[in-house]
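Residue numbers (the working numbering), protein chains in the order written: chain Y, 108 to 868; chain E, 5 to 156.
See below for the structure under consideration.
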Amino acid sequence: MSQPKRERNLTSRRGFMASVSSGSLVLMARLSNAQDIEVATAAEGDVESFEPDLFVSIGSDGKVTILAHRSEMGTGIRTGLPRVVADELEADWSKVVIQQAVGDKRLGSQNTDGSNSVRHFFKRMRVAGATARTMLEQAAAAKWNVEPATCRGKNHRVVHAESGRSLAYGELVQAAGELKVPRPDELRMKPASEWRYIGKDAPITDLDAILTGKAVYGIDARMENQLYAVIARPPVVGGKVASFDSTETRKIAGVQSVIEIEGYQGAPVFQPLGGVAVCADSTWAAWQGRDRLRVNWEDGPNAEYDTDVYAGQLADSANKPGKVWRDTGDAKSVIAESDKVYAADYSVPHLSHAPMETPCAVADVKVDAGKVVSCVLKAATQNPQAVQQAVGAALGIPEAEVVVHVTLLGSGFGRKSKPDYCVEAALLSKELQRPVHVTWTREDDLQHDYYHTMSHVHIEASLREDGTPSGWLQRAAFPSISSLFSDGADQAAGFEIEMGLQDLPYEVPHIRVESGKAKAHTRIGWLRSVNHIPHNFAVSSFADELAHRAGCDPLDYLLTLLGEDRLLDVKAAGLSNRGASAEEYPYDIGRLKHVTQRAADLARWERRSELPKGRGLGIACCRSFLGYTGHVVEVAVDHDGSVQIPKVWTVLDAGVIVSPDRVLAQVEGAASMAATIAMYGKVTFRQGRVNQSNFDNYRIATMKDSPREIITELVESDAPPAGVGETPVPSFTPAMCNAIFSATGKRIRSLPLADHDLTWS
Amino acid sequence: MAIINVNGQKRDLGNVSSDTPLLWVLRDQLGLTGTKYGCGVSECGVCTVHLDGDAVQSCVTTVGEVGDSVVTTIEGLSDDGLHPVQNAWREHGVPQCGYCQVGQMMMAAALLKSNNDPTDEDIDNEMWNICRCGTYPRIRAAIKTAAKELQK
Chain Y
108 MSQPKRERNL
118 TSRRGFMASV
128 SSGSLVLMAR
138 LSNAQDIEVA
148 TAAEGDVESF
158 EPDLFVSIGS
168 DGKVTILAHR
178 SEMGTGIRTG
188 LPRVVADELE
198 ADWSKVVIQQ
208 AVGDKRLGSQ
218 NTDGSNSVRH
228 FFKRMRVAGA
238 TARTMLEQAA
248 AAKWNVEPAT
258 CRGKNHRVVH
268 AESGRSLAYG
278 ELVQAAGELK
288 VPRPDELRMK
298 PASEWRYIGK
308 DAPITDLDAI
318 LTGKAVYGID
328 ARMENQLYAV
338 IARPPVVGGK
348 VASFDSTETR
358 KIAGVQSVIE
368 IEGYQGAPVF
378 QPLGGVAVCA
388 DSTWAAWQGR
398 DRLRVNWEDG
408 PNAEYDTDVY
418 AGQLADSANK
428 PGKVWRDTGD
438 AKSVIAESDK
448 VYAADYSVPH
458 LSHAPMETPC
468 AVADVKVDAG
478 KVVSCVLKAA
488 TQNPQAVQQA
498 VGAALGIPEA
508 EVVVHVTLLG
518 SGFGRKSKPD
528 YCVEAALLSK
538 ELQRPVHVTW
548 TREDDLQHDY
558 YHTMSHVHIE
568 ASLREDGTPS
578 GWLQRAAFPS
588 ISSLFSDGAD
598 QAAGFEIEMG
608 LQDLPYEVPH
618 IRVESGKAKA
628 HTRIGWLRSV
638 NHIPHNFAVS
648 SFADELAHRA
658 GCDPLDYLLT
668 LLGEDRLLDV
678 KAAGLSNRGA
688 SAEEYPYDIG
698 RLKHVTQRAA
708 DLARWERRSE
718 LPKGRGLGIA
728 CCRSFLGYTG
738 HVVEVAVDHD
748 GSVQIPKVWT
758 VLDAGVIVSP
768 DRVLAQVEGA
778 ASMAATIAMY
788 GKVTFRQGRV
798 NQSNFDNYRI
808 ATMKDSPREI
818 ITELVESDAP
828 PAGVGETPVP
838 SFTPAMCNAI
848 FSATGKRIRS
858 LPLADHDLTW
868 S
Chain E
5 MAIINVNGQK
15 RDLGNVSSDT
25 PLLWVLRDQL
35 GLTGTKYGCG
45 VSECGVCTVH
55 LDGDAVQSCV
65 TTVGEVGDSV
75 VTTIEGLSDD
85 GLHPVQNAWR
95 EHGVPQCGYC
105 QVGQMMMAAA
115 LLKSNNDPTD
125 EDIDNEMWNI
135 CRCGTYPRIR
145 AAIKTAAKEL
155 QK
């Protein structure tokens, strides 16, 4: 490959252009700046001259191709965003083909996490669709010699109502392709009342492929002549291979090579953990070979990590003055001077993402004259651009020379935003000069994850005569995600504290939020809804405790705590608001109260006092990822302490909803995932090693113990779209634990429930 | 030399060792990647296939154990993707990420074969597959829909 760069550019574009017939209208919207849209006909030379972010093309046969640039891991985004484009385009959905984008930073962020896809791209996709439609309308108007404003794109045709004439989109693409691209302010956007697909349900585009076993995930990705690799990694993070013996490994039929991978330097980031890889003709041969390796490990600085000991350190840290993040009023003095102070501590252990599909990728590195020139990967990744960067850095080539094809993801939950496994595949391919597919076994996945933090939250409040708080102090201690990127970082990051701690929505005159130091001894990552999990567990449990202490109904008390309908002063509280303006995405206490009250109404909260012992309702609410959730959970606790969840009511206000049924599915899934967090989720370390190894000792809720019935209400709203995927996770767990208190009188201050004796008589 | 019967075809596995799990033979040797890997120890049900019509976990079923039995994978569950279970899964929009759904459907199809009117308790007991996306309520509903179809 003498001109690798040009070659790659052609490859990455040709992937898309190949499906577009010559003469197609190709609209390119620069997502990073929606003002700047360019157009070209599908001649390769022209395409080369643009640096577009998004492709919408319409063939002369009428076929519309829309690029999906976000990863599909179960949210339905690969269908949802293209439907937004198709809606404004007035395309016939049956004539739309969706094509998955390769990693390319010109597309804007492809990092499919943070519940950002619809929030960040809703408007931009509408503009892209409306631009294409407007050009088709203009082309038709010119042909008919009428005013463009009298022409309307409608269901894949441009119609001139006065004369009754119409032309199919395919008949207009050539003429449209010669027009100047209209500016966004020249576009006529469809009013919501005319939306054809937004807010309406459709099967996900991959449904049939999934149901027939034809869907391709990272574990299924294949390249010609590939080897299969399974890797022995250091059991302690930061450890290294001291020596190894592969004699027995090499006796396994099918084993081709045994290769040492170096440990990482500095902060872990997305570097491989290091270890010894066995490459073979099949996954099974590689796995067997891996299990027969004899490796002596040097455990390194984290060899003493013991989560029992660490829990005590976190508790200490959370119980002494720390870094101040918010100081509204003078909570410190008010609490110090009060003779009625109530305090409680809450803890949540490490959790593992445990996506159903373990991390998997296949890589093919091209070497020319002893020098690495490029790499092509197929990977189950939430962030193909991070793959480009990490693989590029590891191979010493520009990230533009790394082509990442994104497969479907067998779920991700944040694990697959971190491409260490892609780098492993690339390093092995470089060494063997042929494609190598890396499969993580379940044991690898559970023992070498980027774990959800382990957390301790201390809360104290000074109480008035009526039991409401006059001052509130909360302090969290947990190893931070920043430690992943900055070696030795021992202080929380602002975005972590903001998730459920600094943004305390209660109407309390004196609020102080702090964090204590905590050094990480393993890789800390982000897991669906992130720090909201421990923080909302603490805050919503504490509110329930205060209610019971005051002899109040927990719902009434919570609504009193939330206070008047108002907008929380985001600036005064020091919140970044996830980068969104407070004008567009205010912190609206009224909306938070509404979802809470509605969840209670749906659950018929008044039944609470009539329930027999062992049966209870619990309530909690949360604003997260700019959306609002109210949860009521009903539990049935047997005398023997076993817990069932007969029913859950969730009310979600996430602004405009693109795909209602997929949003319902996310809410249902959130209840199930949070039930696992509440009941079972716990990763422990001893001597730096993870104790859990598979689903027998890292238990996941199943059909039997997951919430039996999930009632969901989506608030109708014309507010801008907020997050959905993570939003309904946090408040489930405290609502469930509050229900357990109601049912049994047992207050849960540490997760999971499996650690507690819930028997009663 | 091992020969196994998969989806109505005799497949020659060459000199594969008889203790090789069926899962990896299906996926890596026969290219039938519809059957997924999840845990390797029969804890999650993701790799479920049918052996003479019964649900088994292919990750712990060896080629030797398969012997002359008939193996059915998702690729052979129906010719057209229209098995009542597949139809019900479609109707209820069950899949999210979809990864575990093949195993779920194979499990459900076997359950319905022996019991075409399963109660909630039957479903609780038989459908122990793990789904991390949390599609359980829809799976339950889809099984009931498929049962009605099969009762006709």
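Cβ atoms here follow ideal geometry from the backbone N, Cα and C, with glycine treated the same way.
This structure is a prediction, so every number in the text was calculated from the model and none was measured.
| query | Where do the ends of the beta strand (DSSP E) carrying K478/Y lie? | reply | Where K478/Y is concerned, the enclosing beta strand (DSSP E) stretches over 478–486.
| In the structure shown, what three-state DSSP assignment does S524/Y receive? | DSSP places S524/Y in the helix class (H, G or I) of the three-state scheme.
| message | Considering just the uninterrupted stretch of the beta strand (DSSP E) at V455/Y, what are its terminal residues? | response | Note, V455/Y: beta strand (DSSP E), 448–455.
| request: Quick one: grab the DSSP three-state call for D862/Y. | output: In the three-state DSSP reduction, D862/Y falls in the helix class (H, G or I).
| Which chain E residues are close to Y787/Y, counting only those with a beta carbon under 8 Å from its beta carbon? | In chain order: nothing, as chain E lies at least about 12 Å away.
| field | Residue range of the alpha helix (DSSP H) that includes Y664/Y | value | It spans 661–669 - the alpha helix (DSSP H) in which Y664/Y sits, taken as one unbroken run.
| query | Buried or exposed: N332/Y, going by 16 or more other Cβ atoms within 10 Å of its Cβ? | reply | Residue environment for N332/Y: exposed (fewer than 16 other C-beta atoms within 10 angstroms of its C-beta).
| query | Looking at C-alpha atoms only, which residue of G85/E, G44/E, P25/E, V53/E is the closest neighbour of C76/E? | reply | Just to set this straight, residue 76/E is Thr in the shown sequence, not Cys. When each option's Cα is compared against that of T76/E, the closest is V53/E.
| Would a check of beta-carbon distances place K40/E closer than 8 Å to chain Y? | With 8 Å as the cut-off, K40/E counts as an interface residue toward chain Y.
| Going by beta carbon distance, what residues of the same chain come within less than 7 Å of F520/Y, once the five residues before and after it are set aside? | The answer, listed in chain order, is H460, P462, L634, R635.
| message | So, with DSSP's three-state summary, where would you put R711/Y? | response | Correct three-state label for R711/Y: coil.
| message | Between P586/Y, A826/Y, K307/Y, G373/Y, which has its C-alpha nearest E691/Y's C-alpha? | response | Comparing Cα-Cα distances from E691/Y to each of P586/Y, A826/Y, K307/Y, G373/Y, the minimum goes to A826/Y.
| request: Return the residue from the list G681/Y, V474/Y, S683/Y, N426/Y that minimises the CA-CA distance to I566/Y. | output: Measuring from the Cα of I566/Y, the nearest candidate turns out to be N426/Y.
| said: On the DSSP bridge list, what partners appear for E367/Y? | reply: DSSP lists V383/Y as partners of E367/Y.
| Own chain, CB closer than 6 Å to D99/Y, minus 5 neighbours either side, in chain order | Given that chain Y is displayed from residue 108 to residue 868, the structure contains no residue 99/Y and the question cannot be resolved.
| Taking three-plus beta-carbon pairs below 8 Å as touching, is the segment 429–439 of chain Y in contact with the segment 831–845 of chain Y? | In short, these stretches do not touch, since the Cβ pair count stays below three.
| query | Just to confirm, are I726/Y and L665/Y a CB contact at a threshold of 8 Å? | reply | L665/Y is positioned such that its CB atom lies closer than 8 Å to that of I726/Y.
| request: Look up A339/Y in the DSSP assignment and give the residues it is bridged to. | output: Bridge partners of A339/Y: V383/Y.
| request: Run down chain Y in chain order and give the residues with a C-beta less than 7 Å from the C-beta of Q100/E. | output: G181, A772, G776, listed in chain order.
| What's the gap between the Cα of E158/Y and the Cα of E538/Y? | The predicted position of E158/Y is uncertain, since its pLDDT is 23 and thus under 50; a value taken from the coordinates is nonetheless stated next. Separation of E158/Y and E538/Y (C-alpha to C-alpha, rounded to the nearest whole angstrom) is 34 Å.
| Can the beta-carbon of P612/Y be found closer than 8 Å to that of R730/Y? | Closer than 8 Å, so yes.
| message | List, in chain order, every chain Y residue whose beta-carbon is nearer than 8 Å to that of C104/E. | response | Neighbours of C104/E in chain Y, taken as residues at a C-beta separation under 8 Å, are given in chain order as M463, G517.
| said: Quick check: the Cα distance between D143/Y and T238/Y, rounded to an integer number of angstroms? | reply: Only weak support exists for where D143/Y lies, its pLDDT of 41 falling under 50; the coordinates are left without a value.
| query | Does the separation of the CB atoms of Q100/E and C137/E fall below 8 Å? | reply | Cβ distance < 8 Å, so Q100/E and C137/E count as in contact.
| said: Measuring alpha carbon to alpha carbon, tell me which residue in A743/Y, A470/Y, K230/Y is nearest P291/Y. | reply: Nearest of A743/Y, A470/Y, K230/Y to P291/Y, Cα basis: K230/Y.
| query | Taking 8 Å as the CB-CB limit, is E47/E close to chain Y? | reply | Proximity of E47/E to chain Y, defined by a Cβ-Cβ separation below 8 Å, is satisfied.
| task | Below 7 Å between beta carbons is the criterion; list the residues of the segment 747–771 of chain Y that meet it against any residue of chain E, in chain order. | result | Shown in chain order are the members of the segment 747–771 of chain Y whose Cβ falls below 7 Å from a Cβ of chain E: D768.
| request: For L535/Y, name the three-state secondary structure that DSSP assigns. | output: For L535/Y, the three-state secondary structure derived from DSSP is helix.
| said: Can you pull the chain B neighbours of E79/E, defined as C-beta to C-beta under 9 Å? | reply: Absence of chain B from the displayed structure is noted, the protein chains being Y and E.
| Q794/Y, buried or exposed, once every other Cβ within 10 Å from all chains shown has been counted against 16 | Flag for Q794/Y reads exposed.
| How long is the line joining the alpha carbons of G407/Y and F585/Y, rounded to whole angstroms? | Across the structure, G407/Y and F585/Y are spaced so that their CA atoms are roughly 22 Å apart.
| said: Please report the distance separating the alpha-carbon of T514/Y from that of M786/Y. | reply: T514/Y and M786/Y have their C-alpha atoms spaced approximately 32 Å apart.
| query | Whose C-beta lies closer than 6 Å to the C-beta of K212/Y among residues of the same chain, with five residues either side of it excluded? | reply | Cβ neighbours of K212/Y beyond the five flanking positions: Q492.
| query | Can you list the residues of chain Y that M131/E reaches, using a CB-CB cut of under 9 Å? | reply | Neighbours of M131/E on chain Y, chain order: T809, M810, K811.
| query | Can you list, in chain order, the residues of its chain whose CB lies under 7 Å from that of I764/Y, leaving out five sequence neighbours each side? | reply | Counting only Cβ-Cβ distances below 7 Å, and skipping sequence neighbours, we find G306, V770, L821.
| request: Could you round the C-beta distance between C529/Y and A486/Y to whole angstroms and report it? I think they count as a contact, below 8 Å. | output: About 5 Å separates the beta carbon of C529/Y from that of A486/Y, a gap short enough to meet the 8 Å contact definition.
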